[in-house]
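Peer 1: Pasting in a structure now, in structure tokens, and then I'll have a few things to ask.
What follows is the structure in structure tokens.
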């Protein structure tokens, strides 16, 4: 079991090809959080994110040869698979997922008090709303860059385009978010200014 | 639209670049604003992974690792057949069924009993000028008895009916009606063999049992 934890993704995949369940579970433990988070932020639904994460790992289990370690990392491969499945869901649902059908209050925001919790929950919902209202191609670069902290080159590999296009999409997405979330950004800037004045 | 076409492409080979170099993308905006936006976006937290996901993934792995039984594979196996091939097979099956049904209707009727040569001549079963006995269940256009055999059979029939009560023989007499597009032939026989009429095509016409008395 110890060697499984220290093994590389490639060696684990080789063992998965031979039917090693421990290797598969180890690989699953390594990458499930990132895959689920990305799928959730793309779709805004925990159930759909669970389905996509499941399908990604089942696909990897059935066809481990599809992953080429010379081209990208396994994490990039899983992001790409999750992204393709998410876009498929977008196409199937024709972007008709209603916001009121999404879960409320499932955020793992720590509660420091009833009022703070409510405000944090409202802020979280506003950010989620702003991101999920973006076009999918802008949304994915924002999620991958801001939340998953992927490099532009990796994002370009995941979304199947060049770095310049990713930069352009990210710039437009950030401008849009700045516009939509302006009240919260201004509030934060004002608060920071007040804090600096208070310190001065 | 161009981006949409590229959506299906995965993993174009590109050299990885360090994330630090990506900061140039923010040259267009103020650094402070970007930091504010980034910290604000971090306020949206993703939920934890549902416990059911691990169960589902483990079950899928178990199902994948354990091959299904032979019976299950036989039941659930699917075969993809192109529509033109399926249509061709259906057409061939239909044509074969139609041909087989049509061929059975052309089979010669089974006749048990004695039929006079006159009727057979009219029906085309025997050459003119001979008297034959049609064997049981073997009467057909192709295997009609030869003239000498027919003559011997006729003699046997005549011997069997000799010396009998004419009234009793008359009670056993019956009429065979042969119909086709050339006309109708009726033949009255007094053979002692029982005639089993079969309403099938006989020499191009129909063998009707309605005239049996």
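Residue numbers (this note's numbering), protein chains in the order written: chain A, 425 to 624; chain B, 3 to 215.
By construction, the Cβ of each residue, glycine as well, lies at the ideal position given by its N, Cα and C atoms.
1) Just the C-alpha distance for residue 560/A and residue 491/A, rounded to the nearest angstrom, thanks.
2) Taking only the alpha-carbon atoms, compute the straight-line gap between residue 444/A and residue 485/A and give it to the nearest angstrom.
3) Which residues mark the beginning and the end of the alpha helix (DSSP H) in which residue 480/A is found?
4) Does DSSP classify residue 72/B as helix, strand or coil?
5) Given that residue 544/A touches chain B, what residues does it touch there, using C-beta distances under 8 Å?
6) Under 8 Å, Cβ to Cβ, is there at least one residue of chain A near residue 19/B?
7) If you compare alpha carbons, which of 37/B, 47/B, 85/B and 38/B is closest to residue 545/A?
8) Buried or exposed for residue 140/B, please, with buried defined as at least 16 other CB atoms from any protein chain shown within 10 angstroms of its CB.
9) I need the DSSP call for residue 588/A, collapsed to helix, strand or coil.
10) Looking at the secondary structure, which residues open and close the alpha helix (DSSP H) in which residue 457/A lies?
11) Measuring alpha carbon to alpha carbon, tell me which of 496/A, 429/A and 582/A ends up nearest residue 509/A.
12) Whose CA, out of 543/A, 569/A and 502/A, lies closest to the CA of residue 555/A?
13) Looking at the strands, I want to know which residues DSSP matches up with residue 187/B.
14) Given a cut-off of 8 Å, decide if residue 604/A and residue 465/A are closer than it, judged by their beta-carbon atoms.
15) Is residue 562/A helix, strand or coil by DSSP?
16) Taking the alpha-carbon positions, what's the residue 433/A to residue 72/B distance?
17) Considering Cα atoms alone, identify which of 429/A, 571/A and 430/A is closest to residue 41/B.
18) By DSSP, does residue 573/A sit in helix, in strand, or in coil?
19) Check this for me: beta carbons of residue 608/A and residue 547/A, under 8 Å apart or not?
20) Return no unless some Cβ of chain B is closer than 8 Å to the Cβ of residue 601/A.
21) Would a check of beta-carbon distances place residue 75/B closer than 8 Å to chain A?
22) If the cut is a Cβ gap below 7 Å, which residues of chain B does residue 476/A touch?
23) Assign residue 493/A to one of three DSSP states: helix, strand, or coil.
24) Which one of 596/A, 602/A and 435/A has the shortest CA to CA distance from residue 565/A?
25) Drop a sphere of 10 angstroms on the beta-carbon of residue 531/A, count the other beta-carbons inside from all chains shown, and report buried for 16 or more, exposed for fewer.
26) Tell me, to the nearest whole angstrom, how far the beta carbon of residue 451/A is from that of residue 467/A; I am working on the premise that it is less than 8 Å.
27) Note down, in chain order, all residues in the stretch 58-70 of chain B with a beta-carbon under 9 Å from any beta-carbon belonging to chain A.
28) Of all Cβ atoms in chain B, is any one closer than 8 Å to the Cβ of residue 457/A?
29) Would you verify that the beta carbon of residue 53/B is, or is not, closer than 8 Å to some beta carbon of chain A?
30) Report the three-state DSSP secondary structure of residue 80/B (helix, strand or coil).
31) Could you pull the start and end residues of the alpha helix (DSSP H) that residue 64/B belongs to?
32) Quick one: grab the DSSP three-state call for residue 46/B.
Peer 2: Quick answer:
1) 25 Å
2) 10 Å
3) 470-486
4) helix
5) 45
6) In this prediction, residue 19/B has a pLDDT of 46, which is less than 50 and means its spatial position is unreliable; nothing more can be read from the coordinates.
7) 47/B
8) Because the pLDDT at residue 140/B is just 43, under 50, the model does not fix this residue reliably, and the value given afterwards should be weighed accordingly. Exposed is the call here.
9) helix
10) 445-467
11) 582/A
12) 569/A
13) 180/B
14) no
15) helix
16) 34 Å
17) 571/A
18) coil
19) yes
20) yes
21) no
22) Here the premise fails: no neighbours, minimum Cβ distance about 10 Å.
23) coil
24) 596/A
25) In this predicted model, residue 531/A has a pLDDT of only 45, less than 50, meaning its place in the structure is not dependable; the value taken from the coordinates is given anyway. Residue 531/A should be labelled buried.
26) Rounded, the Cβ-Cβ distance is 23 Å, inconsistent with contact.
27) 58, 59, 60, 62, 63, 64, 66 and 67
28) yes
29) no
30) coil
31) 53-67
32) coil
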